[in-house]
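Below: the structure, in structure tokens.
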Amino acid sequence: MRRGILTVGLVTGTALAALDTNGLANRYFGNDAAWYRDKIPYFEASDAEIQDVYYYRWKIFRAHQRDLGQRGYVSTEFLDDVGWQLEPWATLNDATGFHLGEGRWLRDRRYADDYIRHMYNGGNDRHFTDWMADSVWERYLVDGDRGAITTHLNAMTNLFQQWNDALDTSKGLYWREPLADATEYTISSIDASGGQDGFGGGEAFRPTINSYMYANALAIANVADLAGQGNVASDYRSRAANIKSRFQADMWNTTFEHFIDRHQRTNQFVQYYQPIRGRELNGYIPWMFSMPDNTDQYNQAWKHLKDTNKLRGSTGMRTVEPSYQYYMRQYRYEGSNRECQWNGPVWPYQTTQVLYAMANLLNKYTQSIITKSDYLDELRKYTKLHYWNNKLNLEEDYEPDKAGPIVGLARSPHYFHSGYNDLIISGLVGLRPRADNTLEVNPMVPEGSLQFFRLQDVPYHGHSVAIQWDANGSKYGQGTGLRVEVDGQVVATSTRLSRVTAQISSASAPAINRSQIAKSIQLVRGQNPSGSASSGNNAERIHDAIDGRVWFMPELPNGWDSDATSGASTQWYTINFGSATQLTGCELAFYDDGSTFAVPTDYDILRFENNNWVKIQGNGAFGDKALANGITKVSWPSLSTSQLRVSFPQAAGKRTRLVEFKAF
């Protein structure tokens, strides 16, 4: 047995290689490995940075899963609260497409399913533009669950219709203020201010919103087909065709050879329908949805991404070209720290979008400008953005021609405003989701670049898929080339990194288990459930321990912190449900930094009964040993109480951080 590889059953006389998933989970996630172990697809590659960032991005995903209790799980954009989130959920809709892109590959389908239900039941306030319907359709292409997607058809059409307030019927195109397009300080907004600002204003017809609405319309048409609603399908397919026709006619700029904005307002600085005066990276977003026709006229736009004087920066893709008058001019600050702008900086958000677009270009278009080498080069640049001072910590935006983040504020660590693992699975490794029963794999890996990779435990159409590449046969000992496995059977091979397909049977997606619903989540401060503690009486930190969020990253503290005491002490945290509540167990998440904060050596769970605190013990009650930086599970036979407490000893000079106290 080679290190990291397990050999399992024979198929047609050839041993299948299987990654040591327990070893990988323990290596990358430590004591929190249990959360990931049976959920994520596993991956290894000869490029150690890509592999490390792949597992780091699952940590980001896990950290941003907020449990809302009865409403289920949602993905957040910022780890902690920001002033512009949708209350009380703490969600924002601009990056939902990325969140679902990552989440569609989990073997536990609850996270994506809960999130979609949330967004289609009051969670999408159109604060920003998005490609929500498209991302839900793309999720269906992975799990194949018709019922899970068709149930949202009415919500999809209702949300689409609401965007009529951004449709200029005389042009047949959609417009948006760049700030509401999640991209403040763009060419249109800066120029509309006469170069004085650009945070707000600058409304424009943009490649972004028109691409999103095109993709959403097509997705709705596809879902309507599944639901047997032919009239709806025809209507939305026609809408998509109209958007595409008007977009290609009016948004393609022959001078810049690029899709660019047109101003939507007239003021002293700009005129209605006047094209903006420069190229922006968002001109490639139409290819994210395979929207432009496959012609040399449009495909030539990609040459600008290979020009170091234009959109190709040394550390990533520039959002605006250096030739723009206000390129990288800093307008906005928080104190002395630079704030977010899109007039040149590299953004993981648009980097993800353009990498999606590049993969589509290489899979579906006829051109020779962009190659697999270009894809891997940009992916590697993006991978390196995740590192700063030799630590993995993705922040908001980055310098385009030197190392380091621009915006690294208190809110910024481990920012979930982009995708990565979907790029690895559907792009680099090349599993191209489809609605039919054809399994298609086309790695975006140039010959001679990666010596090996293996991706396994990928849920797809009710099956488990693995994809393996071994350039010389020495890694896995199964000969050279590309192998695709379905449920442990080899279904396709190639000696080269080329497109392969295989027919698979239709199988049901795994059922979603919602048997455990948290009853302890405080969504609104000041309302029950509520918390109290023995010390460290910071109201916000007390709220943190029952807010449904779990992460153990040290850059941004999370949870209730007890005070240190000169001698040994007993500390406690209490949840008040406000009324008698039936409970069968709880989970405790303790943080340990090996210094100030230490996990308790022991603990008791108590309930409030007859004005006294009574230990829950005996009669089938069971609790794990307290775990540092992981989840400690406790269970007991069903009981009723209005309050629940965890009590524990604390050593002299130490503090305790209770990241989350969750009761079921």
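Under mature numbering (1 follows the signal peptide of the UniProt record, and there is no 0), the residues of the sequence shown are numbered -17 to -1, 1 to 647, in order. Even for Gly, the Cβ is constructed at its ideal location relative to N, Cα and C.
| query | result |
| --- | --- |
| Any non-hydrogen atom of the ligand ADP closer than 7 angstroms to Thr624 Cβ | For the structure depicted, the ligand ADP is absent and the ligand set is empty, with no information on it obtainable. |
| Bounding residues of the alpha helix (DSSP H) (the contiguous stretch that carries Asp453) | Here Asp453 belongs to no alpha helix (DSSP H); instead the beta strand (DSSP E) covers 446 to 453. |
| Alpha helix (DSSP H) segments (min. 4 residues) lying fully within the segment 127 to 166 | 129 to 133, 136 to 145 |
| Which listed residue (Tyr123, Leu414, Trp371, Asn602) has its alpha carbon closest to that of residue 707 | Outside the displayed span of the chain (-17 to 647) sits residue 707, for which this structure offers no information. |
| Whole-angstrom distance between Leu480 and Ala95, CA atom to CA atom | 31 angstroms |
| Proximity test, Cβ basis, 8 angstroms: Tyr358 and chain B | Here chain B cannot be found, since the structure has a single protein chain. |
| Backbone CA spacing between Met427 and Ile407 [nearest angstrom] | 9 angstroms |
| Where Glu27 falls: helix, strand or coil (DSSP) | strand |
| Identity of the residues DSSP links to Pro632 by a beta bridge | Thr553 |
| Contiguous alpha helix (DSSP H) assignments of at least 4 residues, all confined to the segment 503 to 536 | 522 to 527 |
| Span of the beta strand (DSSP E) around Ala475 | 472 to 477 |
| In chain order, each beta strand (DSSP E) run of at least 3 residues that lies wholly inside the segment 396 to 427 | 421 to 424 |
| Distance CB(Gln308)-CB(Pro275) smaller than 8 angstroms | no |
| Short Cβ contact (8 angstroms threshold) for Tyr310 with Gly296 | no |
| Three-way DSSP call (helix, strand, coil) for Lys227 in this model | helix |
| Three-state class that DSSP yields for Phe182 in the structure shown | coil |
| Arg(-16) (DSSP reduced to helix, strand or coil) | Here Arg(-16) scores only 32 on pLDDT, less than 50, and its place in the model is too uncertain to base an answer on. |
| Given 8 angstroms, three or more beta-carbon pairs between the segment 348 to 365 and the segment 429 to 440 | yes |
| Close-in-space but distant-in-sequence residues of the same chain around Gly561 (CB under 6 angstroms, 5 per side omitted) | Asn511 |
| First through last residue of the alpha helix (DSSP H) which encompasses Leu539 | Careful: Leu539 lies outside any alpha helix (DSSP H) and carries neither H nor E. |
| Per-residue burial, Gly514 [other beta carbons within 10 Å of its own, 16 or more giving buried] | buried |
| Endpoints, the beta strand (DSSP E) within which Lys598 is located | 595 to 598 |
| Inter-stretch contact at 8 angstroms, needing at least 3 Cβ pairs: the segment 581 to 591 / the segment 543 to 550 | no |
| Distance between Val119 and Ile99 (C-alpha atoms, nearest Å) | 7 angstroms |
| Contact check, Glu160 vs Gly181, beta carbons under 8 angstroms | no |
| As assigned by DSSP and simplified to three states, the class of Val65 | coil |
| First through last residue of the alpha helix (DSSP H) which encompasses Tyr94 | 93 to 101 |
| Alpha helix (DSSP H) segments (min. 4 residues) lying fully within the segment 337 to 389 | 355 to 368 |
| Spatial neighbours of residue 669 in its chain, beta-carbon cut-off 8 angstroms, leaving aside the 5 residues before and after | The displayed coordinates of the chain run from -17 to 647. Any statement about residue 669 would go beyond what the structure contains. |
| Contacts around Trp270, its chain only, beta-carbon distance under 6 angstroms, and the 5 residues preceding and following it disregarded | Ala340, Asn343, Leu344 |
| Distance, Ile525 Cα to Thr639 Cα | 13 angstroms |
| Three-way DSSP call (helix, strand, coil) for Val469 in this model | strand |
| Cβ neighbours of Leu(-12) in the same chain (closer than 8 angstroms, five flanking residues each side left out) | Note that Leu(-12) scores 35 on pLDDT, short of 50, meaning its location in the model is unreliable and no value can be drawn from it. |
| Presumed contact (8 angstroms Cβ cut-off) between Arg49 and Tyr56, rounded CB distance | 7 angstroms |
| Alpha-carbon to alpha-carbon, Gln434 and Asn193 | 40 angstroms |
| Nearest residue (CA-CA) to Thr278, options Thr349, Trp18, Gly519 | Thr349 |
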